[in-house]
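Before any comments, here is the structure.
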Amino acid sequence: MSENIKEYEGLKLGQKILTKRIPDGKLGFGEIRTFHVKDDPSESCISFACQMCGQFRLAYIKDIITSPTAAQKRKVDNALQKLYQPGHRRRKKK
Numbered sequence: 381m382s383e384n385i386k387e388y389e390g391l392k393l394g395q396k397i398l399t400k401r402i403p404d405g406k407l408g409f410g411e412i413r414t415f416h417v418k419d420d421p422s423e424s425c426i427s428f429a430c431q432m433c434g435q436f437r438l439a440y441i442k443d444i445i446t447s448p449t450a451a452q453k454r455k456v457d458n459a460l461q462k463l464y465q466p467g468h469r470r471r472k473k474k
């Protein structure tokens with residue numbers, strides 16, 4: 381079962397990763413919590429605790445970004461500042 385997998389394709393549980401989320405394709409950053417291994421490696425996924433939005437998210441392993449651009453790093457930094465800023469509340473969508 382995939383629940384018992386501690387390491388897969390050089391990735392480890394608890395490792396922080398930058399990736400494109402499923403299904404919206406937005407940038408996500410956080411710790412790997414679970415591996416979801418499929419017979420077809422291109423369909424294998426991870427569950428991760430996204431520190432950019434404060435929720436658990438899903439991502440394909442093939443979509444993990446190993447060399448982030450400066451713009452991607454800025455997006456992560458900005459999201460972390462907004463999410464964890466004392467007294468800051470996110471606006472609800474209308």
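Per the numbering used here, residue 381 is the first one in the sequence shown, and the count goes up by one each step. C-beta atoms are modelled at their ideal positions from N, C-alpha and C, and glycine is treated no differently. It should be emphasised that the depicted structure is a prediction, and the values quoted were computed from it without experimental measurement.
| query | result |
| --- | --- |
| Backbone CA spacing between T414 and L398 [nearest angstrom] | 15 angstroms |
| Beta-carbon proximity check, G430 vs Y440, cutoff 8 angstroms | The question names Gly, but residue 430 is Cys in the sequence shown. Their beta carbons are not under 8 angstroms apart, which means C430 does not touch Y440 by this criterion. |
| Contact belief for L460 with I402 at Cβ below 8 angstroms, rounded distance in angstroms | No, L460 and I402 are not in contact; Cβ-Cβ is about 21 angstroms, not under 8 angstroms. |
| Minimum C-alpha distance to D420 - residue among G410, K442, E411 and F436 | K442 |
| Given N384 as reference, the closest of K453, M432 and H416 once Cα atoms are compared | H416 |
| For I397: DSSP bridge partner residues | G410 |
| Q435 to K396 span [Cα, whole Å] | 15 angstroms |
| Neighbourhood of M381 by C-beta, 6 angstroms cutoff - its chain only, sequence neighbours within 5 removed | Residue placement at M381 is poorly supported in this model, since its pLDDT is 42, which falls under 50; the coordinates still yield a value, given next. Result list for M381: empty, nothing under 6 angstroms. |
| First through last residue of the alpha helix (DSSP H) which encompasses Q452 | A450 to L463 |
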